[in-house]
Every structure is written in structure tokens, then in C-alpha cells.
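The structure under discussion appears below in the form of C-alpha cells.
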Amino acid sequence: MSVLSRLALSAGVSILLSTTAMAANLTVGFSQIGSESGWRAAETSVTKAEAEKRGIDLKFADAQQKQENQIKAIRGFIAQGVDAILVAPVVATGWEAVLGEAKDAKIPVILLDRGVDASQDLYLTSIASDQVEEGRVAGRWLTETVKDKDCKVVELQGTVGSTPAINRKKGFEEAIADHKNVTIARSQTGDFTRSKGKEVMEGFIKAENGGKGICAVYAHNDDMAVGAIQAIKDAGLKPGSDILVVSIDAVPDIFAAMAAGEANATVELTPNMAGPAFDALEAYLKDGKEPAKFIITESKLYTPADNPKGEYEARKGLGY
Ligand code: AHR
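Okay, structure coming up:
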């Protein structure tokens, strides 16, 4: 840990340093999951850009979807004595030991975009969306769209054991619970990737009479939805009308699909988790003030009524 942040952390001592001056001396380790989706790529770009803007030395480690790589990276950051660690945890369980090691080394940990099943005193704050609400927003959109019509849904789940997969499923199920005409016929993981989303959707289509029995696909992220759209087209059906498509993230490609009439709704997840994370960290290091344990980002619904072409243009250069 740098001398500066050790000073700032020493109990009750307030030092007269501007946040910018302090940030310029920080070294922060970032254990990223990998690059499974366009959203993930954007989060990585935004985090690197935010760090650069603030003069933070960011040590980046790509875990290629493996928790063991994340644990190794975090241990490496601890050994290097970084000032703080950002981690986007691939799955929810199995973090107690390594987060405990960071705590013992007095290195604050900030969770980005996913949660962990571990004691809350093992991390400084968690910056993420309300993932249950994201599922509810998607489910409400569907029930309001199909009204009384019978609707068989196929669900493409995210990575097994990850909080967005668990919570987005839960929220969607809650939203459709009182609508007996809307049912989930099949549900399988597509691991948040486009290729897996396509492959699993092909299986759903085969199992459901060439897709004729399917009213909607609910994908836990846009990349899987884009893969599913391709599978629907390959089966000779029209995504967006023969089979409705609702998903989460709001990446440029889903807006391109929406503009082409091939996707119907997406729930936005901002890739800017690093901005609030660095703000919280800088404030904490400056005066020891603990941030809120959970900092929740917005979950806004977008449909074709929201100028998908414009949204595509506005987002396409942002690192997705
Ligand atoms: O944890 C956030 C999720 O992870 C995003 O919705 C998905 O695209 C990513 O892989």
C-alpha cells in the first residue's frame, strides 16, 4: 500500500489532500471475469478509461471465466500491496478465504456488477444493478405486451451460479407469477455468450416443433439474445414478431436488432461501474468514511419506441 493511502487510512486522521492528488498515487488491481459479452468488454474499457482519467495505476487481470484465476489474481494484488482491489466475481460462492486475506492485509475490496455469498464486512462496497428488478422489468414488459394471449417462454440463463443468472431468473418468475397464460417452457444456461445463446436456442427450437410453439425468448443478456435471433432466422422464423425477444444490457447490437424489427425490449445495465467505485474509494481513503454497502445502478427499459437507431449510434463507439 502506498504511503499516502496508509496515511489516509490511519484512524480518524484527516489529511488535507485533494481527491485528485490522492487518486494520482493509487494503485488498484482489477480482477475482471473475462470477455464473454459486449457488455463485459465495455465495462473493461470504461474502467481502464476512468482509471487513466484519475491518474490511477490500474493493474488488470483477465480471469478467462475461471474463479480460480480470479483468486490467483487477487492473491497477486495482495502480494504487490495495491491500495485497493476491484473484482467482478464470476460466481457467487467461494470467496470467503481470499477476501479475508485482503481484509487482513487492510486492502479494501470493491465488488463490481455481481455479488458474492460472503460476509458483508469482507468488502467495502458493491456497485451493481438490482438484478432481481432487471428480471421483473423484463417480465412485466412481456406480460403487458402479450396481455391475455397464451405465451410459452424459453429462457436463456447466464453463467450458472452467478448472481445475475440467479436474480434475473427470480425477478422474471416473480413478474409472470400472476399471469397464468405466460409460462417458462424451457430454461437452460447460455453462459452469457452469443455462441452458446445460439446453440441453446437451436435446441429449444428443435424441441418446440420447429419454434412454432415458442412465443418469446427471455435472455439474461443481449449477447445470448443476439445469438438466439440468428437461430430463429436460421429456422425460417421472424425474431421480433414470430418469437418476441426480451433481454438485458442495452448493448449497441441489440439496438441494431431492434431497429431491424428483430428484438423487442432490453433493460439497460450501465458499464460504468468504475466511476462510482473510484468515487467511493477516493472518499474512503480521504476521510475514512465508509460508503453505502450497496450502490445500485439504474435499470431502464428500452423498446423500439426509444429510437433504437439513435441508441445504436450513441453507444457503438463506447467499447462494447
Ligand atoms: O454481471 C453482468 C452481466 O455479465 C452482464 O449482463 C452480462 O452481459 C455479463 O456477462
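Throughout the sequence shown, residue numbering follows mature numbering (1 follows the signal peptide of the UniProt record, and there is no 0), covering -23 to -1, 1 to 297 in sequence. Heads up, the beta-carbon is just placed ideally off N, CA and C, and yes, glycines get one too.
Cβ separation of residue i and residue j, assumed to be a contact under 8 Å, to the nearest whole Å
i, j, result
"L246", "V194", "About 18 Å; that fails the 8 Å criterion."
"A95", "W72", "5 Å"
"T166", "G213", "So it is not a contact: roughly 26 Å between Cβ atoms."
"V222", "P216", "5 Å"
"Q47", "V64", "6 Å"
Residue i, DSSP secondary structure in three states
i, result
"T21", "helix"
"L(-15)", "Interpretation of L(-15) is limited by its pLDDT of 40, a score under 50 that renders its predicted location unreliable; no figure is taken from the coordinates."
"D39", "strand"
"I104", "strand"
"Y289", "helix"
"Y261", "helix"
"R31", "helix"
"A154", "coil"
"A162", "strand"
"A61", "strand"
"I10", "coil"
"F271", "strand"
Heavy atom of the ligand AHR within 6 Å of residue i beta-carbon
i, result
"S218", "no"
"E111", "no"
"E275", "no"
"R91", "yes"
"R292", "no"
"R17", "yes"
"F271", "no"
"P141", "yes"
"S224", "no"
"S172", "no"
"E13", "yes"
"F169", "yes"
Closer than 7 Å to chain D by CB, residue i
i, result
"S14", "Chain labels in this structure do not include chain D; a single protein chain is all it has."
### alpha helix (DSSP H) segments (min. 4 residues) lying fully within the segment 178 to 244
Taken in chain order, the complete alpha helix (DSSP H) segments of 4 or more residues contained in the segment 178 to 244 are 199 to 211, 229 to 236.
### Message
Please give me, in chain order, every unbroken run of the alpha helix (DSSP H) with length at least 4 that falls completely inside the segment 106 to 139.
### Response
Look at the segment 106 to 139 and you find these whole runs of alpha helix (DSSP H), each 4 residues long or longer: 108 to 123.
### Query
Could you give the uninterrupted runs of the alpha helix (DSSP H) lying entirely in the segment 71 to 105, keeping only those of 4 residues or more?
Listed in chain order, they are 73 to 81.
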